[in-house]
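**Q**
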Amino acid sequence: MTTDLTQFGDRATSTSKAGVPASDKPWIKWLLIGIAILYLVLVLFIPALNVFVQAFSQGVGPFFHNLVEQDFLFAVKLTLIIALIAVPLNTVFGLCAAWAIARHQFPGRTLLLSIIDIPFAISPVVAGLMIVLLYGRNGWFGPFLQANDIKIIFAVPGMVLATAFVTMPFVAREVIPVLEEAGVDQEEAARTLGANDWQIFWRVTLPNIRWGLLYGLILTNARAMGEFGAVSVVSGNIAGKTQTLPLFVEEAYKQYQTPSAYSAAVLLAGLAVVTLILKEILERKTRIKDAAE
Amino acid sequence: MAASPSAVPNSKSDSQSFWYRLTHLSTPWKVTWVYLSLMLFVPVIAMMLRASTVGPAKFWEIATSEIALSTYNVTFLTSLVAAAINGVFGTLIAWVLVRYEFPGKRIIDAAVDLPFALPTSVAGLTLATVYSDNGWIGSLFAPFGIKIAFTRLGLGVAMIFISLPFVVRTLQPVLQEMEKEVEESAWCLGASAWQTFWRVILPPLVPPILTGVALGFSRAVGEYGSTVIIAGNVPFQDLIAPVLIFQRLEQYDYAGATVIGTVLLLISLVMLLVINVLQAWGRRYDH
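The listed protein sequences correspond, in order, to chains A and B.
Counting in this note's numbering, the first sequence runs from 966 upward without gaps.
Counting in this note's numbering, the second sequence runs from 2 upward without gaps.
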């Protein structure tokens, strides 16, 4: 069962079945294309273009000036640190969950797949709230944490937890189909030849799933660096202390420092563009592999 | 992966007892369950238990207070409209991308995923600028007295933006796999283009369209980053439920935040169920 909350990944080729159906008159074709493009321009392209125009509207000088601000540099650093912890955590979990689900038939398998999707369905604010209710001062673990002088809420650990929560399903979702497709034959052959579990994983399984895994990693990373809602609930949003890049964007905008906001926004938009390009490349890679097999 | 063959619960119903299997799980299984428990089950259960300590009467009072009801109205109605609009235009976009060739198609196809990749605060920032009274698009509406940014209309625009890819991406593979022969035989039997569309093409597309709309709706209901920036967040006008939760937390009103959070959580879980059912319905057409 594929419960795709983000159909970010599962997309078949877009070039097949070209050619206009005999009954479609050319003017219908161009009318439909026109409406589709107009809609995308209004909702998607103009806002996307606006980020870049605003960021460089006063030239490159002020842009770079904004980029060397102390709070901004800290936000960049914090965003990277959080992604650097949350992404590997979810990769290990994603690989384990994918193997468990793709390699076994058991009752409740579909249920487990849906459970893994839950973080996508939950509002980021609710995700943040749940973490506050657990680790906050009045939370379940609050007294214990306070007694041991451990700070999680309004600190980096809470932000990592929030980020890990919202990005949890990506790797598992992308790896499961690839793992299912690859099948067990090669792994069994390796085992027959005397390979141990680690050898099988490194030499046989991993090469088979590498593009799917990379794809999942990229999506996890993009969301981890861009997450706003969940992180914002648990962070307290203190500049220079618990402010990530997306939080910096909102804060600067609210303080009427729109140029600063756009300088940071253009970095994040650049990340989004790179993500889309890598995604496109990886999609072709997996497709070529599928076709060859 | 690191699993000894003896511990792997095999698909062939093995003679090992349930408890034996539970205590002899392989490492990946252990990691999966421990991580899921710590990250997902414990927080969800903690929130539910916390909400239950409020007491049913008080829970109902907070969950149906005037301000809460108005945020549900704003959140769900606007999300539904946004998802429905994307249902129509998303179908059109998917159709155009699968059936026609035109210059720039590949770029447009790739760009549809932009709302997934673009951080929500950036989306909110740029939408608020573009649709404000002196923005590129907002200034076209301002002379007619239509304000978009900082009103419910702006909220709708943000929700349309973030839920745009769902219908397109759900529908695209289905359209691609559709057998051209079925359509052609309909024409051969004398059906008009219109009849072919309504009787042959559309029925198998209904489940994926509805799935996409449900996915988009579910995302729009929970959305925070882009909506909080473009909305004015005025109570009873364009204040949405996630923002209300945030405000309650800021006022240290944990009971209020928890109750409304639980309501949203339950609705998310129901939506997840609905989406599963819709997808199962869609597979009816698989051969």
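Even glycine gets a Cβ: it sits at the ideal position worked out from N, Cα and C.
#1: Just verifying my parser: in three-state terms, what is the DSSP assignment at Ile-1118/A?
#2: Between the segment 138-155 of chain B and the segment 191-208 of chain B, are three or more C-beta pairs nearer than 8 Å?
#3: Could you please give the first and the last residue of the uninterrupted alpha helix (DSSP H) stretch that includes Thr-259/B?
#4: Can the beta-carbon of Leu-41/B be found closer than 8 Å to that of Ile-998/A?
#5: What residues from chain A crowd round Ile-149/B, counting only those whose CB sits closer than 8 Å?
#6: For Arg-1068/A, is the classification buried or exposed, using 16 other Cβ atoms within 10 angstroms of its Cβ as the cut-off for buried?
#7: Run the CB neighbour count on Asn-1031/A, radius 10 Å, all protein chains shown included, and call it buried at 16 or more, exposed below.
#8: DSSP on Ala-192/B, reduced to helix/strand/coil?
#9: Of all the residues that make up the segment 129-153 of chain B, which are near chain A by a beta-carbon distance shorter than 7 Å?
#10: Would Asp-254/B count as contacting chain A if we go by Cβ distances under 8 Å?
#11: Output yes or no for whether 8 Å exceeds the beta carbon distance between Leu-1094/A and Ile-246/B.
#12: Alpha carbons only, please: which of Asp-1036/A, Arg-1102/A and Ala-1137/A is nearest the one belonging to Leu-1054/A?
#13: DSSP state of Arg-1068/A, grouped into three classes?
#14: How should Ile-1165/A be labelled, buried or exposed, when 16 other C-beta atoms within 10 angstroms of its C-beta is the threshold for buried?
#15: Could you name each continuous alpha helix (DSSP H) segment of 4 residues or more that falls completely within the segment 126-180 of chain B, going from the start of the chain to the end?
#16: In chain order, what residues of the segment 103-127 of chain B put their CB closer than 9 Å to some CB of chain A?
#17: For Arg-285/B and chain A, any beta-carbon pair shorter than 8 Å?
#18: Run through DSSP, which three-state label would Asn-1186/A get?
#19: Under a Cβ-count criterion, where at least 16 other Cβ atoms within 10 Å of its own Cβ denotes burial, should Val-1239/A be classed as buried or exposed?
#20: Going along the chain, which unbroken runs of the beta strand (DSSP E) with 3 or more residues stay wholly within the segment 74-130 of chain B?
#21: Below 8 Å CB to CB, which residues in the same chain sit around Ala-187/B once its five sequence neighbours on both sides are set aside?
#22: Please classify Gln-280/B as buried or exposed, where buried requires at least 16 other C-beta atoms within 10 Å of its C-beta.
#23: Rounding to the nearest angstrom, what Cα-Cα distance links Phe-1149/A and Gly-1107/A in this structure?
#24: Rounded to whole angstroms, what's the CA-CA distance from Ala-1237/A to Pro-120/B? Just pull it up for me.
#25: Check Lys-1244/A in the structure and name its three-state DSSP category.
#26: Verify the CB distance criterion: does Phe-77/B have a CB-CB separation below 8 Å to chain A?
#27: From the DSSP output, in three-state form, read off Leu-26/B for me.
#28: Just by C-beta distance, which residues in the segment 1104-1133 of chain A are closer than 8 Å to chain B?
#29: Between which two residues does the alpha helix (DSSP H) carrying Ser-1088/A extend?
#30: Following the continuous alpha helix (DSSP H) through Tyr-1004/A, name the residue where it begins and the one where it ends.
#31: Apply the 10 Å Cβ neighbour rule to Glu-1248/A and answer buried if 16 or more other Cβ atoms are within range, or exposed otherwise.
**A** Working from what's here:
#1: What you label residue 1118/A is simply residue 153 of the first sequence in a count that begins at 1. Here Ile-1118/A sits in coil by DSSP.
#2: no
#3: On the second sequence, position 258 is the one that residue 259/B refers to. Element bounds for Thr-259/B: 255-283.
#4: Reading the second sequence from its first residue, position 40 is the one you call residue 41/B. Reading the first sequence from its first residue, position 33 is the one you call residue 998/A. No, the pair does not count as a contact, with Cβ atoms beyond the cut-off.
#5: For this step, residue 149/B is matched to residue 148 along the second sequence. Residues of chain A passing the Cβ test: none, with the nearest at roughly 11 Å.
#6: The residue labelled residue 1068/A in the question sits at position 103 within the first sequence. Buried is the call here.
#7: Here residue 1031/A corresponds to residue number 66 of the first sequence, with the count starting at 1. Buried, since its Cβ has 16 or more Cβ neighbours within 10 Å.
#8: Reading the second sequence from its first residue, position 191 is the one you call residue 192/B. Coil, per DSSP.
#9: Thr-130, Val-131, Trp-137 and Ile-138
#10: Position 253 of the second sequence, counting from 1, holds the residue named residue 254/B. Chain A, which has no Cβ nearer than 8 Å to the Cβ of Asp-254/B, makes this no.
#11: Residue numbering aside, residue 1094/A sits at position 129 when the first sequence is read from its first letter. Residue numbering aside, residue 246/B sits at position 245 when the second sequence is read from its first letter. Yes, the Cβ-Cβ distance between Leu-1094/A and Ile-246/B is below 8 Å.
#12: Position 89 of the first sequence, counting from 1, holds the residue named residue 1054/A. Of Asp-1036/A, Arg-1102/A and Ala-1137/A, the residue nearest in Cα terms is Ala-1137/A.
#13: In the first sequence, residue 1068/A corresponds to position 103, counting from 1. Arg-1068/A: coil per DSSP, three-state reduction.
#14: Position 200 of the first sequence, counting from 1, holds the residue named residue 1165/A. Ile-1165/A should be labelled buried.
#15: 139-142 and 153-178
#16: Phe-103, Gly-105, Lys-106, Arg-107, Ile-109, Asp-110, Ala-111, Ala-112, Val-113, Asp-114, Leu-115, Pro-116, Phe-117, Ala-118, Leu-119, Pro-120, Thr-121, Ser-122, Val-123, Ala-124, Gly-125, Leu-126 and Thr-127
#17: Here the question's residue 285/B lines up with position 284 in the second sequence. Judged by the 8 Å Cβ criterion, Arg-285/B is not in contact with chain A.
#18: Your numbering for residue 1186/A matches position 221 in the first sequence. Helix at Asn-1186/A.
#19: Counted from its first residue, the first sequence places residue 1239/A at position 274. By the neighbour-count rule (16 or more Cβ atoms within 10 Å), Val-1239/A is not buried but exposed.
#20: none
#21: Numbered from 1 along the second sequence, position 186 holds the residue referred to as residue 187/B. So the qualifying residues of the chain are Gln-196, Thr-197, Arg-200 and Val-201.
#22: For the purposes of this step, residue 280/B is taken as residue 279 along the second sequence, with counting starting at 1. So Gln-280/B ends up on the buried side.
#23: Within the first sequence, residue 1149/A is the residue found at index 184, counting from 1. Within the first sequence, residue 1107/A is the residue found at index 142, counting from 1. Correcting the residue type first, residue 1149/A is Val in the shown sequence and not Phe. C-alpha separation (whole angstroms): 46 Å.
#24: Locating residue 1237/A in the first sequence gives position 272, where the first residue counts as 1. Locating residue 120/B in the second sequence gives position 119, where the first residue counts as 1. Each residue's Cα considered, the two are about 8 Å apart.
#25: Position 279 of the first sequence holds residue 1244/A. It is helical.
#26: Within the second sequence, the letter at position 76 stands for residue 77/B. For Phe-77/B, the answer is no, since every Cβ of chain A falls outside 8 Å of its Cβ.
#27: Against the second sequence, residue 26/B aligns to sequence position 25. If DSSP states are grouped into helix, strand and coil, Leu-26/B belongs with coil.
#28: Gly-1104, Trp-1105, Leu-1126, Ala-1129, Phe-1130 and Met-1133
#29: The count along the first sequence starts at 1 and reaches residue 1088/A at position 123. Note, Ser-1088/A: premise wrong, no alpha helix (DSSP H); not H, not E.
#30: By 1-based counting over the first sequence, the position of residue 1004/A is 39. Tyr-1004/A -> alpha helix (DSSP H) spans 991-1005.
#31: Along the first sequence, read from residue 1 onward, the residue named residue 1248/A stands at position 283. It counts as buried.
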